[in-house]
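Engineer: As they're listed, the protein sequences go chains A and B. Take the first sequence: its position 348, counted from the start at 1, is 348 in the working numbering, and no numbers get skipped. The number in the working numbering is simply the position in the second sequence, starting from 1, with 1000 added. All C-beta atoms in this analysis are idealised placements derived from N, C-alpha and C, irrespective of residue type, glycine included.
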Amino acid sequence: MSAPAKLPRWAELGLLPLLNLLAALVLSGVVVKILGESPWVAGQLMLRGALGSQEGIGYTLYYATNFMFTGLAVAVAYHAGLFNIGGEGQAYIGGLGSGLVALWLGHLPFFVVGPCAVFAGAAFGAAWALVPAWLQARRGSHIVITTIMFNFIAASLMTYLLVNVLIKPGQQSPETREFGAGAFMPSASDVFAKLGVTLAPSPLNLAFFLALGAAALVWMLVWRTRWGYALRVVGQNQDAAVYAGISPPRVIVQAMLLSGALAGCLGLNELLGAQHRILIDFPGGAGFVGIAVALMGRNHPFGIFLAAVLFGALAQGGSQLAFDLPKINRDMVVVIQGLVILFCGALENVFRAPLAAVFGLKGAK
Amino acid sequence: METYTLIVLTLAATIRVATPLLLAALAGLFSERSGVVDLGLEGKMLGAAFAAAAVSAATGSAWAGLGAGIATAVLLALLLAFATVTHRGNQVVAAMAVNIMVAGLGPTLALAWFNIGGQTPQLDQPAQRFLAIVWPGSATAREVPFPGLLYAELLSGHNLLVYLAAALVPLSAWVLFRTRFGLRLRAVGENPLAVDTAGISVTGLRYQAVLISGVLCGVAGTYLSIAASAGFTRDMTAGKGYLALAALIFGKWRPYPTLGACLLFAFTDALASRLQGVALPLVGVIPVQFILALPYVLTVLLLAGFVGKAVAPRAIGVPYAKEN
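#1: Can you tell me the Cα-Cα spacing of T1179 of chain B and G1277 of chain B, whole angstroms?
#2: For chain B, check one thing: does any of its Cβ atoms lie closer than 8 Å to the Cβ of K194 of chain A?
#3: Shorter than 8 Å from the beta carbon of I167 of chain A to some beta carbon of chain B?
#4: Along the chain, where does the alpha helix (DSSP H) that runs through F282 of chain A open and close?
#5: Go through the region 1233-1304 of chain B residue by residue and report every complete run of the alpha helix (DSSP H) that reaches 4 residues or more, in order.
#6: Please go through the region 1189-1217 of chain B and give each complete alpha helix (DSSP H) segment of 4 or more residues, from N-terminal end onward.
#7: Answer yes if the region 39-48 of chain A comes into contact with the region 342-349 of chain A, meaning at least three C-beta pairs across the two stretches below 8 Å, and no otherwise.
#8: Just how far apart, CA to CA, sit G1204 of chain B and G1260 of chain B?
#9: May I ask you to list the residues that DSSP assigns as paired with I1133 of chain B?
#10: Using beta carbons (cut-off 8 Å, strictly below), is L1303 of chain B in contact with chain A?
#11: So which of B:L1105, B:A1194, B:L1021, B:W1174 has the shortest CA-CA distance to R1314 of chain B?
#12: Using 8 Å as the limit for Cβ to Cβ distance, is F1232 of chain B near chain A?
#13: Among the residues of its own chain, which have a CB less than 6 Å from the CB of A308 of chain A, if the five just before and after it don't count?
#14: Cβ closer than 9 Å: which chain A residues qualify as neighbours of L1290 of chain B?
#15: Starting from P17 of chain A, trace the alpha helix (DSSP H) in both directions and tell me its first and last residue.
#16: Are the beta-carbon atoms belonging to A126 of chain A and G235 of chain A less than 8 Å from one another?
#17: Using a cut-off of 8 Å between C-beta atoms, extract the partners of I1249 of chain B located in chain A.
#18: Which partner residues does I1015 of chain B have in the DSSP bridge list?
#19: Can you tell me the Cα-Cα spacing of A1312 of chain B and A1057 of chain B, whole angstroms?
#20: In chain order, what residues of the same chain lie with their CB nearer than 7 Å to the CB of L1021 of chain B, ignoring the 5 residues before and after it?
#21: Looking at the structure shown, is F302 of chain A part of a helix, part of a strand, or coil, going by DSSP?
#22: Using a Cβ-Cβ cutoff of 9 Å, what residues of the region 1148-1166 of chain B are near chain A? List them in chain order.
#23: Roughly how many angstroms separate the alpha carbons of L61 of chain A and F282 of chain A, rounded to a whole number?
#24: Within 10 angstroms of the Cβ of T1005 of chain B, are there 16 or more other Cβ atoms? Answer buried if so, exposed if not.
#25: Quick one: give me the first and last residue of the alpha helix (DSSP H) that I153 of chain A is part of.
#26: Any Cβ of chain B within less than 8 Å of the Cβ of E348 of chain A?
#27: Could you confirm whether any beta carbon from chain A is found closer than 8 Å to the beta carbon of P1313 of chain B?
#28: In three-state DSSP terms, what is G71 of chain A?
#29: Check whether the region 1084-1092 of chain B and the region 299-319 of chain A are in contact - that is, three or more C-beta pairs closer than 8 Å.
#30: Three Cβ pairs or more, each shorter than 8 Å: is that satisfied between the region 101-119 of chain A and the region 238-255 of chain A?
#31: Would a C-beta distance cut-off of 8 Å place A1052 of chain B and L1041 of chain B closer than the cut-off?
#32: Could you list which residues in chain B have their beta carbon closer than 8 Å to that of I304 of chain A, in chain order?
#33: Which residues, taken in chain order from the region 7-37 of chain A, show a beta carbon closer than 8 Å to some beta carbon of chain B?
#34: Taking F152 of chain A as the query, report the chain B residues whose CB atoms sit under 9 Å from its CB, ordered along the chain.
#35: To which residues does DSSP link E175 of chain A through a beta bridge?
This is how it looks when you write it as structure tokens:
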């Protein structure tokens, strides 16, 4: 085999991911068939559950918000040539930051608490990424391994804090008391009600728009600033970066700080927007889904938005599936996520050569 | 006397906790020495744990369970090899995909087939599990604290897979460092181009390494579900695959130091359950979570070069593209 064939841009960005997604969905259908349900019925149920009602769309976008934050986090690191697999831990610790602010200042109005919570979430998330970043930049420790270790350290730390320190007295389950009302992220239905539009209630909240803002910000930073240029040069070729007067260690640390900060914002949606308290394992694997989202979205903010909505729809549609079909539980969503990552990420070259042959391109042998 | 018994029992628990870690770490050793990052240990183990418990529940035979566990892990390993060696896909992404997929697939299939939530039925027949083998004379030896208790608790009283794991350490060391196959395997992880130039297939060697990893992960997963416990439960590997990887790094990709790391990590685990809520002199109660996080912290410190230096196989994680 020679180097992977180059495809036309539209095929590279549109057709190939679509084919991969299709393959993953077909295989998911096979799993559903094995479970003894009709894939056709399951597909319809998922589609209707995710997009068939205002409430369903609200849930879909609410899940998508989490995935946008973690997907952007993976993408920013990726452009610097780093694989940040620690989004889960950074989101967990970032959420701790936002949650602490919400617990502390919850009695104040939202326009005071909100910005503080955003800042704290980003700062805590960035801080959790700092050590792996520094170790990669200065001591060459492999960031994939260190960020995995930091995921586990974060989980231990949070279990300790929630069980021993932050737990609401006199209760069994490890979670804090409810935030003060001032720390509730305004819900989409409330915001639109003020504009005279009635929306069905759902956990969709202002954090969705923050995530969109973050996507725009990442686009600006990566493609429209001098720093973004440095970031991409380091990601492509560190020797070239040094020759151009860019310091790779500095850029690596900065990229990881931004990456951690983005992942750290997950708590704004999950905790301030929906749960209104800090609870155990609230990121729920969103950090790992972010890897899939970034891959599918080709590490571009717009692609990440689309992929995040897709994964949000899978999550919401899957809950509907588990609700309606007795033989299927929520774990089916995890299976589909795994298959999508497999086909869109690891097996993405499988369809490349046949496609290239169809286009009559050379390079695939 | 009391303290002595406690120490011996903690060490015995250490051996039991270390076994799946050791099997998975040895699996990772073969794979990573050939240049393929093995983040998929977790998923392969979990898949094997489910298959072993399901087949053992259905057939009533622990050996059939072991066979199914190994077969499942090997299939997953082949999938990983197909994605990463044949199609040169990203090794980290492929492994994450398999880990996530298996984490969902186990409980999903368990629900559909056994209909008791996301787990397999309780295995209550002795033939369905690998049970402890009591060595002759351990009941009487127990009466003598030293060395009788050591014999009864540390040498005797483990299941077959524990002894298998122990035997696999010298065997792996021999294969990797004393055979032609081992030399080639290590070479392909350091400099695949040189191996290719010598007319040996890089792809073939990496497939073999990944397959060995699959077999060992199969045994590790089987141990979890039908030897250490009596059935499969959701997410029962609980990060052991990643911990094994940490042990492998901590052991600097060498068999005996890896064994040491597995024992150390398992000891912290056994200690954590012993020390739960116990006030120690001077320091008071140490939170269990801190002890449990210790292996990860130690590994980070090692990777940082503060405790020795861990040097990975040079070509690790890099797909090999043959020139034409």
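Structural biologist: Let me spell this out:
#1: For this step, residue 1179 of chain B is matched to residue 179 along the second sequence. For this step, residue 1277 of chain B is matched to residue 277 along the second sequence. Approximately 50 Å between the Cα atoms of the pair.
#2: As a working note, residue 194 of chain A is residue 194 in the first sequence. In terms of beta-carbon proximity, K194 of chain A stays away from the interface with chain B, with every pair separated by 8 Å or more.
#3: Walking along the first sequence from the start, residue 167 of chain A turns up at place 167. By this cut-off, I167 of chain A is not an interface position.
#4: Looking up residue 282 of chain A in the first sequence gives position 282. Neither: F282 of chain A is in no alpha helix (DSSP H) and is coded neither H nor E.
#5: Within the region 1233-1304 of chain B, the runs of alpha helix (DSSP H) that reach at least 4 residues and sit entirely inside it are, in chain order, 1240-1250, 1255-1275, 1288-1303.
#6: Listed in chain order, the complete alpha helix (DSSP H) runs (minimum 4 residues) inside the region 1189-1217 of chain B are 1192-1197.
#7: The region 39-48 of chain A and the region 342-349 of chain A do not touch, with fewer than three beta-carbon pairs separated by less than 8 Å.
#8: In the second sequence, counting from the first residue as 1, residue 1204 of chain B sits at position 204. In the second sequence, counting from the first residue as 1, residue 1260 of chain B sits at position 260. The C-alpha of G1260 of chain B is placed about 31 Å away from the C-alpha of G1204 of chain B.
#9: Your numbering for residue 1133 of chain B matches position 133 in the second sequence. Answer by DSSP bridge pairing, in chain order: B:H1158.
#10: Counted from its first residue, the second sequence places residue 1303 of chain B at position 303. By the rule that beta-carbons nearer than 8 Å mark a contact, L1303 of chain B touches chain A.
#11: Stepping through the second sequence from its first residue, residue 1314 of chain B is reached at position 314. Answer by Cα proximity: B:A1194.
#12: Looking up residue 1232 of chain B in the second sequence gives position 232. Answer no: the Cβ-Cβ gap between F1232 of chain B and chain A never drops below 8 Å.
#13: For the purposes of this step, residue 308 of chain A is identified with residue 308 of the first sequence, where counting begins at 1. These residues qualify, in order along the chain: A64, F67, M68, G71, V293.
#14: Taking the second sequence and counting its residues from 1, one reaches residue 1290 of chain B at position 290. Here residue 1290 of chain B turns out to be Phe, not Leu, going by the sequence shown. Against chain A, a Cβ distance below 9 Å from F1290 of chain B picks out S156, L157, Y160.
#15: One-based indexing of the first sequence puts residue 17 of chain A at position 17. Bounds of the alpha helix (DSSP H) holding P17 of chain A are 16-34.
#16: In the first sequence, counting from the first residue as 1, residue 126 of chain A sits at position 126. In the first sequence, counting from the first residue as 1, residue 235 of chain A sits at position 235. In this structure, G235 of chain A does not lie closer than 8 Å to A126 of chain A by Cβ.
#17: Numbered from 1 along the second sequence, position 249 holds the residue referred to as residue 1249 of chain B. At a C-beta separation below 8 Å, I1249 of chain B has these neighbours in chain A: I145.
#18: Taking the second sequence and counting its residues from 1, one reaches residue 1015 of chain B at position 15. I1015 of chain B is not bridged to any residue.
#19: Stepping through the second sequence from its first residue, residue 1312 of chain B is reached at position 312. Stepping through the second sequence from its first residue, residue 1057 of chain B is reached at position 57. Approximately 41 Å between the Cα atoms of the pair.
#20: Here residue 1021 of chain B is taken as the residue at index 21 of the second sequence, counted from 1. Cβ neighbours of L1021 of chain B beyond the five flanking positions: K1240, L1243, A1244, A1247, C1262, F1265, A1266.
#21: The count along the first sequence starts at 1 and reaches residue 302 of chain A at position 302. Assignment of F302 of chain A by DSSP, reduced to helix, strand and coil, places it in the helix class.
#22: Listed by position, the residues of the region 1148-1166 of chain B near chain A (Cβ gap below 9 Å) amount to none.
#23: Within the first sequence, numbered from 1, the residue matching residue 61 of chain A stands at position 61. Within the first sequence, numbered from 1, the residue matching residue 282 of chain A stands at position 282. Distance from the CA atom of L61 of chain A to the CA atom of F282 of chain A, rounded to whole angstroms, is 17 Å.
#24: Locating residue 1005 of chain B in the second sequence gives position 5, where the first residue counts as 1. By the neighbour-count rule (16 or more Cβ atoms within 10 Å), T1005 of chain B is not buried but exposed.
#25: In the first sequence, counting from the first residue as 1, residue 153 of chain A sits at position 153. That run of the alpha helix (DSSP H) goes 143-160.
#26: For the purposes of this step, residue 348 of chain A is identified with residue 348 of the first sequence, where counting begins at 1. By this cut-off, E348 of chain A is an interface position.
#27: For the purposes of this step, residue 1313 of chain B is taken as residue 313 along the second sequence, with counting starting at 1. Among the CB atoms of chain A, none fall inside 8 Å of the CB of P1313 of chain B.
#28: As a first step, residue 71 of chain A must be located in the first sequence, where it is residue number 71. Reduced to three states, the DSSP call for G71 of chain A is helix.
#29: Remark: fewer than three beta-carbon pairs, one from each stretch, lie closer than 8 Å, so the region 1084-1092 of chain B and the region 299-319 of chain A are not flagged as touching.
#30: The region 101-119 of chain A vs the region 238-255 of chain A: no contact.
#31: Along the second sequence, one-based indexing puts residue 1052 of chain B at 52. Along the second sequence, one-based indexing puts residue 1041 of chain B at 41. If you check the CB distance, A1052 of chain B and L1041 of chain B do not come in under 8 Å.
#32: The residue given as residue 304 of chain A occupies position 304 in the first sequence. Within chain B, no C-beta atom comes less than 8 Å from the C-beta of I304 of chain A; the nearest is roughly 16 Å away.
#33: Flagged, chain order: V31, I34, L35, G36.
#34: Against the first sequence, residue 152 of chain A aligns to sequence position 152. Within 9 Å Cβ-Cβ: G1239, Y1242, L1243, A1246, L1292, A1293, P1295, Y1296.
#35: Here residue 175 of chain A refers to the residue found at position 175 when the first sequence is read from its first residue. DSSP, once it has assigned bridges, lists A:L279 as partnering E175 of chain A.
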